[in-house]
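See structure below.
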Amino acid sequence: MRYAYYPGCSSESSARDQHTSSIAVTRALGIDLVEIPGWSCCGATPAHQTDRLLAASLPAANLLWARDMGLDVAVNCAACYNRLKTANYEVQHQPEMRKKVAAALNRDYDGSVKVRHIVEVLLEDFGVKNLETRLRHSLNGLKIAAYYGCLLVRPHEVTQFDDPENPQSVDTLVTALGGESLDWPCKVSCCGNSLSLTTRSDMVVDFSDAIIGMAASAGAECIAVACPLCQVNLDLRQSDIQKKTGRNYQMPVLYITQLIGLCLGLSFAELGLNKLVVSPSAVIKVVNENSFKF
Amino acid sequence: MTIRIKKGRTGQSLRDTVVQMSGVDLSACYQCKKCSSGCTVSAHSQSPPSEIIRRLQLGAGDELLRNDLIFTCVSCETCYARCPMGIDLVPVMDALRALAVQRKAAIPKGNVPLFNSAFLKTVHIFGRTYDLGLMALYKIGTSSYSQDADKIPLLIGKKKIAFLPSFSPNLKTVKRIFEIARQNKGK
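Here you go:
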């Protein structure tokens, strides 16, 4: 299995751990991720909030480079995933936009390059049965709230990812790892996205508090995520939640690829576990009571 | 609730401009308010999304461009996912936000347009996002130096912020895209 890998900007900053854990997990499973040479930013939310042509052309350029490689695209970041798929959708459904994008790129793009999130690669392409045979450790019944956020599941007609209101993909992976995936109501709530980086970060603190609070009430010992912004907003903002409300959750927020990596017996360094703000030691302890020290 | 509106400027109405820019048919909305019930940010904002549509339907003028929902909207698409008429409000909000900047409406706290332009500036220069540059541009623009200052050592210690920018080797393509998008604006 081979994919053109689109790392996205956050792979070089806040979500380096998502990037390295995905690389480590896919390598261990024999899935080949070939980085798209010279990849550039997808434009993320600021591009579509500013200019439609910019928002379609930036990802389309990367999809064209992937088409030159003759491979489907694999992507880690939920925002990149959403923007790449939106570009595909728009050039496929809006002939006028396709013309404009072709003019901006000096090359026509038909929207045909398949884009897969790493969760889809592992769950559907590699297969959960295959994954189970490779596991060396178990989550030993650890209670996990799978949190999907917005950009993987919405808009459904564009992303076609799982169910938009009650997705199960990450839950299925958690169950395969021996964890207990919880039924809880905030799976597709929004964490506040990039408001976290503006002077309205107070709103993100409230949203994260509501999400983590709900996960905690459902009995979660850990939240599993697949989006860099969700991870940062839920993990980094826990100290602000404590300052504002007094609630000290100490809830570990791990990428699903980090949880898979732990169960494959990969090293903490490869999985970037030291990048997490809330210590994952409670999770690691459960994965293997005796042999791990963190 | 009674909604009072001021009539728009002469010429093309705000509604028609927004419909043209977004490609979204607002006349299909019958105010079921599912968008407002699910909206991530409406409790923190001046108006819920259904009210924005109603105001547009009734012929609101440029005073609507000062409504802070336009700027707190996080494009989470929950409204669209739940709208029985399939109205995608995100492009509508994008259009209103762009018009607010174009027509120099007062931008409320948070200054999302400044954040977006700072973000895109780093992409224009490097071909990829550069967090430190983005944060510097935004903080200078909003004079919000103390905001989250306590997080910086932690983020740097955990290498969650890169010190140096990363250049895309395809910078020429990126610059071309920005240039064509700029020329295309308003067309």
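If you read the protein sequences in the order shown, they are chains A and B.
Note that the first sequence ends on residue 457 in this note's numbering; no numbers are left out.
Note that the second sequence ends on residue 198 in this note's numbering; no numbers are left out.
Every residue, glycine too, gets a C-beta built ideally from N, C-alpha and C.
Between the CA atoms of residue j and residue i - distance to the nearest angstrom
i, j, result
"Tyr41 (chain B)", "Val35 (chain B)", "15 Å"
"Phe189 (chain B)", "Leu360 (chain A)", "24 Å"
"Lys183 (chain B)", "Val440 (chain A)", "37 Å"
"Cys426 (chain A)", "Phe289 (chain A)", "16 Å"
"Lys186 (chain B)", "Leu80 (chain B)", "32 Å"
"Gln181 (chain A)", "Glu198 (chain A)", "15 Å"
"Lys162 (chain B)", "Ser364 (chain A)", "13 Å"
"Leu196 (chain A)", "Ser185 (chain A)", "9 Å"
"Leu358 (chain A)", "Val85 (chain B)", "7 Å"
"Tyr168 (chain A)", "Leu247 (chain A)", "12 Å"
"Phe178 (chain B)", "Glu343 (chain A)", "42 Å"
"Val101 (chain B)", "Asp27 (chain B)", "16 Å"
"Arg114 (chain B)", "Asn78 (chain B)", "14 Å"
"Asn152 (chain A)", "Gly72 (chain B)", "Because chain A spans 164 through 457 in this model, residue 152 (chain A) falls outside it and cannot be assessed."
"Lys406 (chain A)", "Met414 (chain A)", "16 Å"
"Val388 (chain A)", "Leu422 (chain A)", "10 Å"
"Ile98 (chain B)", "Ser47 (chain B)", "13 Å"
"Lys151 (chain A)", "Lys306 (chain A)", "What is shown of chain A runs 164 to 457, which leaves residue 151 (chain A) out entirely."
"Gln68 (chain B)", "Pro95 (chain B)", "18 Å"
"Lys45 (chain B)", "Leu37 (chain B)", "15 Å"
"Lys448 (chain A)", "Arg179 (chain A)", "23 Å"
"Gly206 (chain A)", "Gln194 (chain B)", "18 Å"
"His211 (chain A)", "Ala218 (chain A)", "5 Å"
"Leu166 (chain B)", "Ala160 (chain B)", "10 Å"
"Ala223 (chain A)", "Glu88 (chain B)", "21 Å"
"Leu436 (chain A)", "Leu315 (chain A)", "23 Å"
"Ile118 (chain B)", "Lys196 (chain B)", "21 Å"
C-beta contact flag for residue i and residue j at 7 Å
i, j, result
"Val264 (chain A)", "Ser220 (chain A)", "yes"
"Ser33 (chain B)", "Gly70 (chain B)", "no"
"Phe126 (chain B)", "Tyr156 (chain B)", "no"
"Phe82 (chain B)", "Gly49 (chain B)", "no"
"Ile281 (chain A)", "Asn251 (chain A)", "no"
"Pro327 (chain A)", "Ala92 (chain B)", "yes"
"Arg317 (chain A)", "Val368 (chain A)", "no"
"Gly138 (chain B)", "Ser203 (chain A)", "yes"
"Leu76 (chain B)", "Arg66 (chain B)", "no"
"Ala381 (chain A)", "Leu429 (chain A)", "no"
"Val103 (chain B)", "Val29 (chain B)", "yes"
"Ser177 (chain A)", "Val450 (chain A)", "no"
"Ala173 (chain B)", "Glu175 (chain A)", "yes"
Nearest-angstrom Cβ-Cβ length linking residue i and residue j, presumed shorter than 8 Å
i, j, result
"Cys354 (chain A)", "Leu392 (chain A)", "7 Å"
"Ala192 (chain B)", "Ala267 (chain A)", "7 Å"
"Tyr310 (chain A)", "Ile404 (chain A)", "15 Å between Cβ atoms; not a contact."
"Val333 (chain A)", "Val276 (chain A)", "Not a contact, Cβ separation roughly 24 Å."
"Thr51 (chain B)", "Phe370 (chain A)", "7 Å"
"Thr322 (chain A)", "Asn225 (chain A)", "Rounded, the Cβ-Cβ distance is 17 Å, inconsistent with contact."
"Leu227 (chain A)", "Tyr272 (chain A)", "5 Å"
"Leu340 (chain A)", "Leu298 (chain A)", "7 Å"
"Val446 (chain A)", "Cys385 (chain A)", "5 Å"
"Leu131 (chain B)", "Thr213 (chain A)", "6 Å"
Nearest to residue i (by Cα), restricted to the options the options
i, options, result
"Lys350 (chain A)", "A:Ala383, A:Asp235, A:Leu286", "A:Ala383"
"Leu434 (chain A)", "A:Thr420, A:Ile447, A:Ser442", "A:Thr420"
"Ser444 (chain A)", "A:Leu302, A:Ile186, A:Pro170", "A:Leu302"
"Asn269 (chain A)", "A:Pro330, A:Arg261, A:Val276", "A:Arg261"
"Val123 (chain B)", "B:Ala109, B:His135, B:Tyr141", "B:Ala109"
"Met366 (chain A)", "A:Ala381, A:Leu397, A:Ala339", "A:Leu397"
"Gly312 (chain A)", "A:His300, A:Glu320, A:Asn329, A:Leu305", "A:Asn329"
"Pro60 (chain B)", "B:Cys90, B:Gln158, B:Lys17, B:Asn195", "B:Cys90"
"Ile16 (chain B)", "B:Ile64, B:His55, B:Cys46", "B:Ile64"
"Met469 (chain A)", "A:Ala339, A:Val446, A:Leu336, A:Pro200", "Here chain A covers residues 164 to 457 and nothing more, so residue 469 (chain A) does not appear."
"Glu287 (chain A)", "A:Gly424, A:Met164, A:Gly206, A:Gly376", "A:Met164"
"Gly152 (chain B)", "B:Ala54, B:Ala129, B:Leu107, B:Pro119", "B:Ala129"
"Gly304 (chain A)", "A:Thr338, A:Leu285, A:Gln331", "A:Thr338"
"Val291 (chain A)", "A:Pro170, A:Leu192, A:Ala308, A:Asn411", "A:Leu192"
Range covered by the beta strand (DSSP E) that runs through residue i
i, result
"Arg279 (chain A)", "278-280"
"Ala71 (chain B)", "Taken as a continuous stretch (DSSP letters only), Ala71 (chain B) belongs to no beta strand (DSSP E), as it is neither H nor E."
"Asp195 (chain A)", "195-198"
"Arg165 (chain A)", "165-169"
"Ala237 (chain A)", "236-238"
"Ala113 (chain A)", "In the structure as shown, chain A starts at 164 and stops at 457, and residue 113 (chain A) therefore has no counterpart that could be examined."
Continuous alpha helix (DSSP H) stretch holding residue i: start and end
i, result
"Lys45 (chain B)", "45-49"
"Ala241 (chain A)", "241-256"
"Lys306 (chain A)", "Element bounds for Lys306 (chain A): not the alpha helix (DSSP H) but the beta strand (DSSP E), 306-309."
"Tyr149 (chain B)", "142-153"
"Ile419 (chain A)", "419-426"
"Tyr91 (chain B)", "89-93"
"Gln413 (chain A)", "Looking at the DSSP string, Gln413 (chain A) is not in any alpha helix (DSSP H), and its letter there is neither H nor E."
"Asn335 (chain A)", "This sequence places Thr at residue 335 (chain A); Asn is not what is there. Residues 332-339."
"His135 (chain B)", "123-137"
Cβ-heavy atom distance, residue i to the ligand COA, below 6 Å
i, result
"Ala207 (chain A)", "Although the ligand COA was asked about, the structure shown includes no ligands whatsoever."
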